[in-house]
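Per our numbering, the sequence shown starts with residue 29, numbered consecutively.
Think of the CB as a built atom: it goes at the ideal place given N, C-alpha and C, for glycine as much as any other residue.
All values derive from a computational prediction rather than experimental measurement.
This report refers to the structure that appears directly beneath it.
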Amino acid sequence: MSDSHRTPAHRPASAAPAAPAGGSLRHTRAKGEPRFPDGPKADPAGSHFERRIRSFQPRRSRVTAGQADALQRLWATWGLDVDGQRVLDLPALFGNDHPVVLEIGFGMGEATARMAAADPGVDILAVDVHTPGQGNLLALAERDGLTNVRVANGDAIILLREMLAPDSLAGLRVYFPDPWPKKRHHKRRLIQPEFLTLAASRMAPGAELHCATDWEPYAEHMLEVLTAHPYFENTRADGGFAPRPAHRPLTRFEGQGLEKGHVVNDLVFRRVPHARPETG
């Protein structure tokens with residue numbers, strides 16, 4: 029059995045600061061000391077790549093003791109930093125040759141864990157920059173015995189462009205990305221023609237791109253951009269939005285929004301098999 033399938037041994041209780049269950053871990057760090065010495069780096073790509081307009085906004089929120097513990101214990105086995113310095117060997121990373129789906133932005137990881145548990149024959153590479161969510165997903169994966177989840181820390185664009193081989197993905201999921209509602213911020217939206225060309229180059233022919241949003245203007249933007257893109261085709265014969273597929277769980281946040289009358293739109297497109305995207 030590969031190292032990827034071994035659950036890391038629990039750290040002795042004496043190795044971690046005492047903190048109430050679920051409580052916040054407060055630690056005064058010296059200048060330059062990493063937040064989690066054995067966990068994700070603060071800026072894994074460093075200055076290796078250009079500073080472009082970012083489609084995400086890092087959130088500074090409190091990490092609980094449980095999340096910090098998961099980051100310290102599990103990161104070396106189930107986590108990876110998006111440093112852009114190597115191309116990932118996905119079968120080696122997961123310890124199998126199952127199809128791999130990339131999920132960009134997983135929040136606190138509850139939906140990701142549920143999807144992984146429901147379909148153990150599909151590996152999920154989940155990327156985000158939210159440290160509490162990274163720790164929470166690692167903790168959920170350990171609790172549920174999920175061996176088909178890996179957590180990536182950093183910029184999804186660098187991950188796609190520098191670290192994933194052409195045609196290596198069986199699917200791409202983008203659920204509830206930041207809608208950047210102000211017009212002057214629309215250029216920050218992730219679903220743009222340039223991103224789709226890059227994504228298509230890393231997706232196998234026929235691979236599924238599944239997006240979901242509760243921001244209706246962004247849903248319309250997604251539909252327009254995807255419909256016009258030469259490397260994707262709508263799985264809906266009517267060219268519109270799709271019903272929520274069974275594999276995408278209804279999250280608590282989404283349920284609360286639906287109760288308030290919010291409209292959630294799913295878009296399910298397929299990477300066309302007859303085109304060969306070229307990207308640097």
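CA-CA distance, Glu138 to Thr279, rounds to 8 Å. Between Val202 and Glu261, the C-beta gap is not smaller than 9 Å, which leaves the two residues out of contact. Contact holds between the region 123 to 143 and the region 193 to 201, because three or more Cβ pairs, one in each stretch, are under 8 Å apart. Each residue's CA atom was taken as its position, placing Asp183 and Met191 some 11 Å apart. Look at Asp151 here: in three-state DSSP terms it is strand.
Two segments are said to touch when three or more pairs of C-beta atoms, one from each, lie closer than 8 Å; by this definition the region 245 to 253 touches the region 205 to 223. About 7 Å separates the beta carbon of Pro271 from that of Asp294, a gap short enough to meet the 8 Å contact definition. In the assembly as shown, His290 is an exposed residue. Its beta-carbon has fewer than 16 other beta-carbons within 10 Å. Beta-bridge analysis with DSSP links His275 to no other residue.
When secondary structure is reduced to three states using DSSP, Arg178 falls in the strand class. Residue environment: Gln284 is assigned as exposed (fewer than 16 neighbouring CB atoms within 10 Å of its CB, all protein chains considered). Going by beta carbons, Gln162 and Asn181 fall inside the 9 Å limit. Per the coordinates, the alpha-carbon of Ala93 lies some 32 Å from the alpha-carbon of Leu188. By alpha-carbon distance to Leu165, the top candidate from Val91, Trp208, Lys215 and Ile185 is Val91. In the displayed model, Pro233 falls within a strand according to three-state DSSP. Within 10 angstroms of the beta-carbon of Asp266 lie fewer than 16 other beta-carbons, which makes it exposed.
According to DSSP, Asp195 shares a beta bridge with no other residue.
Straight through space, the alpha carbons of Val115 and Thr263 are spaced by roughly 30 Å.
A residue is called buried when at least 16 other Cβ atoms come within 10 angstroms of its Cβ; Pro148 does not meet this threshold and is exposed.
Within the model, the alpha-carbon separation for Arg298 versus Phe134 is close to 21 Å. Taking 9 Å as the cut-off, the beta carbon of Pro160 is found no closer than this to the beta carbon of Gly107.
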